[in-house]
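A.B. asks: Here it is, the structure, as structure tokens.
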Amino acid sequence: MKIVAFRQNGQSCAGLVSADLQQVQPFDLPQAQAELGALPLIEMYARGEPLPALQAAVSLSDVQITAPLPRPRRNIFCVGKNYFAHAKEFAGSGFDSSAKSGGDIPADPIIFTKVPESVVGPGAAITMPAARVSSAIDYEAELAVIIGRGGKGIAAADAMAHVWGYTIVNDITARDWQSRHQQWHMGKSFDTFCPMGPWLVSADELDGTKTNVRCYVNGEERQNASTADLIFDIPKLIETLSAGITLYPGDVIATGTPVGVGIGFKPPRYLRAGDVVRVEIDGIGSLENPVR
Ligand code: MG
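Residue numbers (the working numbering): 1 to 292.
Right under this line is the structure:
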């Protein structure tokens, strides 16, 4: 199934997308829960409860789609340097403070987080900070895993049973902050720096371990890779994260970005106001955001 969050007539809704992607049936949810998008539905799934009743279908073109998890329950977990070719381009860019302590390829997953308030939905603007703050803003197309059943100490062999599904995340980054502060949290967490959507796709509809991720800036292809090429695959990421941190339903893990980010070009090709960034993942759809 595909679960979309949207606003209609001033109300927040979460609903089931039709097979032809033309319509949505809202779930019968109290407004306070509907404002959390798909999160209460994933929590019901994790508790083994049936999903709420569906209401009459409306056309998707008549509603304003928001991020499927407009305010995730906590920080979004993200993975750095998780494709071989991207690890090399980033280490070679001079912006990688982590490269000084070792080689290009990490021996263990590099995990950082983005604050929940950085999330915006499809079509929402990625806001450029003032030039004195940063003018080194970059895109990162990524498959994001949505945890269903939570847990701690999850073995890699059992990990896929904890995946509810997937969505698209664009891990927007202020490269100068990522480098200067030697910690990625701030430069990854600026307001609007986590476009997410257009909806969640359940794991029975999509094998996230073998799908293709692409990114276009103003229609020009910049990234194109398969998630089969991840250095640390989804089971390994879940095993690593859950070893010491209990995972909860609705947790988001952005799995890393492939080669082709702006910093990989010489000179770098940063985002500018007026650009449009589109991320596509086979089996999910596309996430497009203008830069303002
Ligand atoms: Mg990233």
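Where a beta carbon is used, it is the ideal one built from N, C-alpha and C, also for glycine.
1) Can the beta-carbon of Leu-230 be found less than 8 Å from the beta-carbon of Asn-9?
2) Which partner residues does Lys-114 have in the DSSP bridge list?
3) Looking only at DSSP bridge pairs, what is Val-279 linked to?
4) Going along the chain, which residues of its own chain have a beta-carbon closer than 7 Å to the beta-carbon of Trp-177, five neighbours each way excluded?
5) Have a look at His-86, Asp-191, Gln-23, Leu-206 and flag the residue whose alpha-carbon is nearest the alpha-carbon of Ile-263.
6) Check whether the Cβ atoms of Leu-206 and Ile-146 lie closer than 8 Å to each other.
7) Reducing DSSP to helix, strand and coil, say where Arg-47 ends up.
8) Quick one, are the C-beta atoms of Glu-117 and Val-213 less than 8 Å apart?
9) Answer yes if the region 249 to 261 comes into contact with the region 274 to 288, meaning at least three C-beta pairs across the two stretches below 8 Å, and no otherwise.
10) Measuring alpha carbon to alpha carbon, tell me which of Ala-5, Ser-18, Leu-16, Asp-20 ends up nearest Gln-31.
11) Quick check on His-162: buried or exposed, where buried means 16 or more other Cβ atoms within 10 Å of its Cβ?
12) Considering only heavy atoms of the ligand MG and the C-beta of each residue, which residues fall inside 5 Å, strictly closer?
13) For the beta strand (DSSP E) containing Arg-7, name the first residue and the last one.
14) Thinking just about the alpha-carbon of each residue, which of Thr-211, Gly-244, Ala-243, Glu-220 is nearest to the one in Ala-228?
15) Excluding sequence positions up to five away, which residues of its chain have a Cβ less than 6 Å from the Cβ of Val-259?
16) With a CB to CB cut of under 7 Å and the five nearest residues on each side skipped, what residues in its chain are close to Ser-97?
17) Could you give the first and the last residue of the continuous alpha helix (DSSP H) run that contains Pro-235?
18) Return the bridge partner residues of Glu-221 from the DSSP annotation.
19) Can you list, in chain order, the residues of its chain with a C-beta nearer than 7 Å to that of Ser-242? Leave out the 5 residues immediately preceding and following it.
20) Decide yes or no for the touch test of the region 118 to 131 against the region 59 to 66: beta carbon pairs closer than 8 Å, at least 3 of them.
21) Could you give the C-beta distance for Arg-149 and Ala-46, rounded to a whole number, given that I count them as a contact under 8 Å?
C.D. replies: For this structure:
1) no
2) Ile-76
3) Answer is Cys-215, Leu-287, bridged to Val-279.
4) Ser-134, Met-186, Gly-187
5) His-86
6) no
7) coil
8) no
9) no
10) The candidate whose alpha carbon is nearest that of Gln-31 is Ala-5.
11) buried
12) Glu-140, Asp-171, Thr-257
13) DSSP places Arg-7 inside the beta strand (DSSP E), whose first and last residues are 2 to 8.
14) Thr-211
15) Ala-85, His-86, Glu-89
16) Ser-179, Gln-182
17) 234 to 242
18) Tyr-216
19) Gly-151, Lys-152, Gly-153, Ile-154
20) yes
21) 5 Å
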